Each structure stands twice: as structure tokens, then as C-alpha cells.
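Sequential numbering from 15 applies to the sequence shown in this note's numbering.
Here's the structure, in C-alpha cells; my notes come after.
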Amino acid sequence: MSRAAPTPSQAAPERALRMVRAACPHDCPDTCAMLVGVRDGVAVQLRGDPAHPTTSGALCAKVSRYLERTYHPQRLLRPLRRSGPKGSGLFEEVSWDDALHDIAQRLRALAAVDPQAILPYSYCGTMGLVQGESMAARFFHRLGASLLQRTICATAGAEGLQQVLGGLVGMDVEQFAHSKLILIWGSNSITSNVHFWALALKARRAGATLVCIDPWRNDTARRCDLHLQLRPGTDAALAYALMGELVRNDWLDHDYIERHTLGFAALRERALQWTVQRAAAYCGLQPEAIQELARLLGCTRPAAIRLNYGLQRVRGGGNAVRAIACLPALIGAWRDPAGGLLLSSSGHFAVARDALERPDLLGGRHPRSINMSALGDALLHPGGGDFGPRVQSLVVYNSNPAAVAPDGSRVLQGLLREDLFTVVLEHFRTDTAELADYILPATTQLEHLDVLKSYGHRYWVANEPAIAPVGESRPNTRIFAELAARMGFTEDCFGDRDEDIAAQALADDPRNAGLDFATLRRQGWAKVAVADAPFAQGAFPTPSGRCQFVWPPDLQAGLDALPQVIPPYESAQGDPQLAREYPLAMISPPARNFLNSSFVNVESLRLGEGEPLVLLHPEDAAPRGVADGSMVRCYNQRGEILLRCRLSEDTRVGQVVAFGVWWRKYSPLGRNVNELTHQRPADLGGGACFYDCLVEVAAA
Ligand SMILES: Nc1nc2c(c(=O)[nH]1)N[C@H]1C(S)=C(S)[C@@H](COP(=O)(O)OP(=O)(O)OC[C@H]3O[C@@H](n4cnc5c(=O)[nH]c(N)nc54)[C@H](O)[C@@H]3O)O[C@H]1N2
Ligand SMILES: Nc1nc2c(c(=O)[nH]1)N[C@H]1C(S)=C(S)[C@@H](COP(=O)(O)OP(=O)(O)OC[C@H]3O[C@@H](n4cnc5c(=O)[nH]c(N)nc54)[C@H](O)[C@@H]3O)O[C@H]1N2
Ligand SMILES: [Mo]
15 MSRAAPTPSQ AAPERALRMV RAACPHDCPD TCAMLVGVRD GVAVQLRGDP
65 AHPTTSGALC AKVSRYLERT YHPQRLLRPL RRSGPKGSGL FEEVSWDDAL
115 HDIAQRLRAL AAVDPQAILP YSYCGTMGLV QGESMAARFF HRLGASLLQR
165 TICATAGAEG LQQVLGGLVG MDVEQFAHSK LILIWGSNSI TSNVHFWALA
215 LKARRAGATL VCIDPWRNDT ARRCDLHLQL RPGTDAALAY ALMGELVRND
265 WLDHDYIERH TLGFAALRER ALQWTVQRAA AYCGLQPEAI QELARLLGCT
315 RPAAIRLNYG LQRVRGGGNA VRAIACLPAL IGAWRDPAGG LLLSSSGHFA
365 VARDALERPD LLGGRHPRSI NMSALGDALL HPGGGDFGPR VQSLVVYNSN
415 PAAVAPDGSR VLQGLLREDL FTVVLEHFRT DTAELADYIL PATTQLEHLD
465 VLKSYGHRYW VANEPAIAPV GESRPNTRIF AELAARMGFT EDCFGDRDED
515 IAAQALADDP RNAGLDFATL RRQGWAKVAV ADAPFAQGAF PTPSGRCQFV
565 WPPDLQAGLD ALPQVIPPYE SAQGDPQLAR EYPLAMISPP ARNFLNSSFV
615 NVESLRLGEG EPLVLLHPED AAPRGVADGS MVRCYNQRGE ILLRCRLSED
665 TRVGQVVAFG VWWRKYSPLG RNVNELTHQR PADLGGGACF YDCLVEVAAA
């Protein structure tokens, strides 16, 4: 297919196809550049931009269906107000004026007592900097509402990486095509990062070895040359064992270590304590597999690690990332553009956060901060003490907490509080929207303007509105600006148009090399100005400028400053009593046809996924009398769900894999996998621990 350049709309004849540049808004490392074909005001085709280097003309299974999502018969078209008891599903249509007037009045009354009783709840339904935390953040800052710690996905790993490398920085994903060894660590790339997988395949055609480190033999693991199928939550021990082997065999880059790292002597000593045998027993691996991987790491140039967020959804997740992030410096892998590690590329983008979010509007107030991964507890807290006022209003946008937040029965109980005033900005009547007092229809990516950075590649991508808003839907920015006006907020920033906000997003910084939004939207996408091999000469963005094997604040406090090996809360090591009662470790990785809970209501994709499934090893099925294809109860101290069981040797003995994240309303008993997960935080960054979970399974 030839490349279609966007043609000016005014010149286009009536029936001509107009191509509009867009960006995939979804929470995925790939942030694809897209082209939308519009005819007579209707989006009729959508494809990946063939000229964009990582998108390469291809979209994933889900986003290829984005038109079905935008024009879905169940799209919310008008504001809705609850007209029956919470959870009854009874709503009536109201005008925007009435809805906004009433919401502003309710929020104003609460704010007059204590604005912290109002909690915004949002995540990455859209990754757009405009429709994400811009006008919304301004609104809540001006209001003085509670702050939200956005921990549900990545903060444990982000904090871990920050301690070692100094930020969310690392390899350029395009360079993986030239690596000779690629470790895919804690990631099912084919499902959740498919454009990276294309680069890994390119490397393999040029002779690279691909290794997968994952407790589940997923699609990606099956296609790699080597798979280390470790116990969940044991990655730090594996990393230490690899370091130990690098030391014993002297597969080290002494010059790089000397000049560009901090704390090698201590790390070396700790690593030697993790003998291959000890780690093999701890991780549930064969010692030979660890030795083989160490040899590959020590003897292959360039060696690259595609670390991802799957492994940090456990109690020790932050420290696991720390331990793994030490590996490339030991072998001097950073010297080569195709060597090193990539967890996230976010930190290579210079975003003017303060201009977008305007924390100055807090005006010296310091509202409390609530961890989004413990939403159930927050909603059920009676208020008082350190917690502060009871949460009396929840304003949800870009998220579906009733489905995605852990400890779902507590979340649901909280959302069912008759006295909780809940407003949900959405495209659909999600599980969360069903429990709202007001549902406000929001525009999709085809209907609004935005600008995106990426956490998997290094391109800014612009998104032009391709079509007029469907129904009476409005962009998040407009909804919050209109609420601000009704609240009497008069600051100029509430009058910014989406174009203004997009322009403000790009910071004046050498990494943007003078790029402005006007240029970006003309080009569609633009690469940040960052060196191919950013740490070839050290210069890590840490306070020491070095790769930090030890965390200096811990050193100064006299604490153990090295990465720690921390067992999951729910594991034989972490809680032997609990492990006897609920002996199966449950992980709940993404389903290929869904994006977290987005797309579950797109019929073609839901049919592709079938029904909520759990994989159980035949050796675990036999003593439980569970047959392949039967329904099983999956339960623990927090709850119970029903799943279709598939017997599979792709999971470990003692481990089940249940796919996320189904909507409750499409799940048996109206409950999904998060009925079983807990709200306790990871070691760093307050991160969620979705894959730190023990369960038992029985025939239903
Ligand atoms: N199709 C699809 N793509 C997605 C998403 C989606 O829902 N669907 N979600 C998007 C989002 S929000 C994110 S954050 C990314 C996440 O993408 P990734 O960071 O790649 O992580 P996950 O896909 O969550 O999990 C990947 C793998 O981690 C493994 N894993 C679980 N526990 C452990 C462990 O303790 N150690 C190791 N080594 N591996 C473990 C799981 O078995 C799974 O195969 O993907 C994005 N892409
Ligand atoms: N058990 C288990 N639970 C998990 C995970 C797991 O692996 N296992 N993964 C976790 C991870 S990594 C993440 S990131 C979270 C994700 O959790 P969420 O960020 O809540 O992601 P989604 O479920 O995709 O819900 C996003 C919602 O935003 C809406 N939306 C999209 N664009 C817009 C917009 O422009 N305006 C408005 N108003 N709404 C919009 C969509 O319709 C959708 O309903 O889930 C977490 N939950
Ligand atoms: Mo995520």
C-alpha cells in the first residue's frame, strides 16, 4: 500500500478520502502513529503509518478495531443521571447544562467543608497529554481536592530504575534490531509490545539469540531460543545469580565498572552469596539454565534486556528491577547502542508537567495523597485520624476502577455507598460507570486533539481530530473547563484551547531541539534528540552520574543499600501458613484482544478471547479432580470467582494463569480476577501487586 499523505480538507472534493494523522491513545509501549481515512465526516479506515519507524504500517489486533469502538452502538451519547438505587442500572438522560450545574453545586458544597473529601481517579485510558492530566489536574489543583498516587501499573519498577539509572531512561528500542542477545524479561511482547517483537525478530534473522524470562510459557516464550520459567516474584535472586557467575568467570568490563558505577565491591560480595544452586532452588529453575544464560550474557556483544512491567507487580518488584538494571553496566553493554536495557523511554521526553497540570494552583495547600491501588480501603475508610476526611465524592476519568483495581469486592462495596457522589467521564457504561451518579460522555481519540509521548520508543506523536464528536460527547478538557467555569474558577489557564495545551506540553529543552507543536502536527511525529547510546560514557542522570548498584540515601542512613531479594507477600517464603491454605500462585497477565479492560465490550474482540479463562497444570488438576474445559471456582480469603479451566503445561506446577481484565458484567457471577488480588503496596513507589496472589482452585 502506498503512503497516503494528508491532503488539505478544503481542497478535497465531496466524496474524496481525507487522510488525517493520529496517534494510538492506549496504554502500551508502542504508541503507534496512525492514519485515519475520513469520507463525508465519517472515519472509514484506520491504519498504522507506514513511514513511522516503529509502527511500520502495522496496528495490533485491538486498535485495528478502533472504528468499531468509536462507532459502537453502545457509545454514550448524552449525559446520564442516576434514577434508581446505586447499582440498579437505572439512568435518565439530562442536558449538559443540568448535569454540569448540579455536579458543580455538589462539589462546591463539599469543598466548602473540606475539598479533600473529593477524590479524582484517573489512569491511562488515554495516554494523551492533553486529554490526560492537563485541564483535569488544573481543576483538581485549584479545587484543593485529594491528590492521587498513580501507582496501579509501573511505579515500583519506575522507582527501582530511577535508583539505579537515574530515571526512566535506557536503550532506543529501534537498536534492538542490531542486538546479538535479547533478554525479554517479564513481558509477553507478542501481546503487549508487538512492535518490539518485530524488532526482536529482525535481530534474530541477523543471528541474535532470544531469551524469555517468565513464569508462564506465553506466546513469546514459545518462540524464543531459551525460556527460564521461574517462580513469580523471584527475579532479583536470578539477577544476583547471573551477577555471581559474571564475577566468578570474570565476564566483567572492569574499565566500565571502575569509571561509571557506584558500589561494585558490595554488589560483588552479595552476588557471590547467590550461588547458582541457591538461586535455582529459590527460583524453581535448573542450575544449568542459569549458567547457560550467564554465559550468553557474559560472552555476547551487544547484549540487550527488554525489561517490562510484568515482573514488578509483586512485593519485591522495585528491588527486582534494581537488581536486573545492574547487569548491563557489569558487562559494559551500555557502550554499544544495541546493548543495555530498556524498561521505559518516558524519561527521554521533556514534558512541561507544571505548565500542563499547574500545581501552583494549590496555592500553598498540601492536600493528602491517596494511593489508587488501595481504592477499596480509601472508599470504605470512615474518615478521621491520619486519613483525614471521609471520601465523599469520586470523579473518574480515563479509568475503570471497578474492573481493574485490586481487591475488587472492597472497591465495589465502596462504589456502592449511597452517600458517595460519583461522576464518571466515559465512552461506555463500564462497570464503574454503572455505579455513578452522573455519567458524562467523552470523545474518543478520533474526535479530539492530543499530543503523545511514548514509554516504548522515542517519538512524539500528534493526534488530529478526524471527525466531529459522536453524539453530544465532549473532550475531557472541555468538560473540566466548563466545570471550572461553573465553580467560579477564573484563572486564564481554564480558557486554554486543546491546541494551547498541546503547545505547552513540549518543554523548552535541548531534547526537544526547538520542536514545537505546530511543526509536530505538520509532520505527525518527531524523534527526541537523545544519543543512540546515552550511557556509553557513563553520564547517568543519577546524582552521582554513575550507574548506582547501591542507593546512596540508604548508605547514608546506614541501611542495606543493595538491591534486596524480597519474597512475595503471598508465597511459601512470605507467608507459609497462607501458602498451605491457598497453595497456587496466581498471575493475571493481559489478554491479547483486550487492553486492560478496554475493548472487552467490542464484540469481535471479546469473541476472539472467548470467556474468562484460567490455565492450570495437569499435575495440579489431577488431585483436584478438575477436567479440561470445566468450570472451576478460584478463591482465596478475599473472594471467589468462576472461570473456565484449561489444562496446560504452559504454566508451572503450583501456578495458575488467569487472564485480565474482563468487565464484571461479562464475567460469571459479575466478578473478575481482581476479586482475588490484594491492595498491599510493593516495596517501592507504592506499586500495585497484582501478581502477588495465592489462590485455591476447585471443581465448580
Ligand atoms: N494486548 C495487550 N497489550 C497491552 C496491555 C493489555 O492489557 N493487553 N496492557 C498494556 C499495559 S497497561 C502495560 S503496563 C503493558 C504491560 O506489559 P508488560 O510489561 O509486558 O507486562 P505484562 O503484559 O503485564 O506481563 C507480561 C508477562 O509478565 C509475566 N510475569 C508475571 N509475573 C512475573 C514475575 O514475577 N517475573 C517475571 N519475569 N515475569 C512475570 C507474565 O507471565 C506475562 O507473560 O502492556 C500494555 N500492552
Ligand atoms: N488483575 C490485573 N489487574 C490489572 C492488571 C493486570 O495485569 N492484572 N493491569 C493493571 C495495569 S498495568 C493497568 S495500567 C491498569 C489499567 O487500568 P485503567 O487505566 O483503568 O485502564 P482501562 O481498563 O483500559 O480503562 C480505561 C478507561 O478509560 C476510558 N477512556 C479512554 N479514553 C478516554 C478519554 O479520552 N476520556 C475518558 N473520559 N475516558 C477514556 C476507556 O473507555 C476505559 O474504560 O489495570 C491494572 N489492573
Ligand atoms: Mo499498565
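Where is the CB? At the ideal position from N, CA and C, for every residue including glycine.
Keep in mind the model is a prediction, meaning the values are calculated, not measured.
Check: residue i C-beta below 7 angstroms from any heavy atom of ligand 2
i, result
"Q145", "yes"
"V628", "no"
"C46", "no"
"Y137", "yes"
"T289", "no"
"H722", "The shown model of the chain, from 15 to 714, leaves out residue 722, and the question about it has no answer."
"P93", "no"
"G674", "yes"
"L468", "Checking the sequence, you will find Ser at residue 468 rather than Leu. False, no ligand heavy atom lies under 7 angstroms from that Cβ."
"A456", "yes"
Distance CB(residue i)-CB(residue j) smaller than 8 angstroms
i, j, result
"Y7", "L215", "What is shown of the chain runs 15 to 714, which leaves residue 7 out entirely."
"A417", "N650", "no"
"A696", "Q177", "no"
"Q518", "A366", "yes"
"L60", "L81", "yes"
"A131", "R404", "yes"
"G552", "H274", "yes"
"L698", "G277", "no"
"L90", "F442", "yes"
"K194", "A235", "no"
"P342", "L321", "no"
"P43", "S612", "no"
"D421", "H209", "no"
"P415", "V328", "no"
"C238", "L252", "no"
"L463", "E496", "no"
"G684", "E448", "no"
"A498", "F154", "no"
"A65", "N607", "no"
"L175", "L311", "no"
Cβ distance (whole Å) where residue i is taken to contact residue j below 8 angstroms
i, j, result
"G184", "S359", "7 angstroms"
"L244", "E306", "The Cβ separation is near 14 angstroms, so there is no contact."
"A191", "W539", "No, A191 and W539 are not in contact; Cβ-Cβ is about 19 angstroms, not under 8 angstroms."
"L690", "G653", "6 angstroms"
"G470", "T45", "7 angstroms"
"G324", "A285", "With a Cβ gap of about 24 angstroms, G324 and A285 do not count as contacting."
"R424", "G390", "3 angstroms"
"L439", "L344", "L439 to L344, Cβ: 47 angstroms. No contact."
Contact test: residue i Cβ vs ligand 1 heavy atom, cutoff 7 angstroms
i, result
"P246", "yes"
"F401", "no"
"A417", "no"
"Y80", "no"
"Y680", "no"
"F190", "no"
"D249", "yes"
Any non-hydrogen atom of ligand 3 closer than 7 angstroms to residue i Cβ
i, result
"Y411", "no"
"C167", "yes"
"Y452", "no"
"Y705", "no"
"D41", "yes"
"Y583", "no"
"Y323", "yes"
Distance cut-off 7 angstroms: residue i Cβ against heavy atoms of ligand 5
i, result
"N202", "Questions concerning ligand 5 fall outside what the structure shown contains, since the ligands it does hold are ligand 1, ligand 2 and ligand 3."
So, does the stretch 374 to 384 touch the stretch 520 to 535, judging by three or more C-beta pairs under 8 angstroms?
With fewer than three CB-CB distances shorter than 8 angstroms, the stretch 374 to 384 does not count as touching the stretch 520 to 535.
Touching by the beta-carbon criterion (3+ pairs, under 8 angstroms), the stretch 595 to 615 and the stretch 225 to 239:
The stretch 595 to 615, when compared against the stretch 225 to 239, does touch it at the 8 angstroms Cβ threshold.
Tell me, please, whether the stretch 294 to 310 touches the stretch 539 to 552 by the rule of three or more beta-carbon pairs shorter than 8 angstroms.
No, the stretch 294 to 310 does not touch the stretch 539 to 552.
Does the stretch 145 to 165 come close enough to the stretch 424 to 435 to have 3 or more Cβ pairs within less than 8 angstroms?
The stretch 145 to 165 makes no contact with the stretch 424 to 435; the number of CB pairs closer than 8 angstroms stays below 3.
With three or more C-beta pairs closer than 8 angstroms as the rule, is the stretch 368 to 380 touching the stretch 195 to 211?
Touching, no.
Quick one: any contact between the stretch 455 to 464 and the stretch 480 to 492, if contact means 3 or more CB pairs under 8 angstroms?
Three or more Cβ pairs drawn from the stretch 455 to 464 and the stretch 480 to 492 lie within less than 8 angstroms of each other, which places the two stretches in contact.
Taking contact to mean 3 or more Cβ pairs, one atom from each stretch, closer than 8 angstroms, check whether the stretch 550 to 566 and the stretch 339 to 353 are in contact.
Touching, yes.
Below 8 angstroms, can you find three or more Cβ-Cβ pairs linking the stretch 621 to 633 to the stretch 665 to 682?
The stretch 621 to 633, when compared against the stretch 665 to 682, does touch it at the 8 angstroms Cβ threshold.
Is it a yes or a no for the stretch 280 to 293 touching the stretch 572 to 582, going by three-plus beta-carbon pairs under 8 angstroms?
Taking 8 angstroms as the limit for Cβ pairs, the verdict is that the stretch 572 to 582 does touch the stretch 280 to 293.
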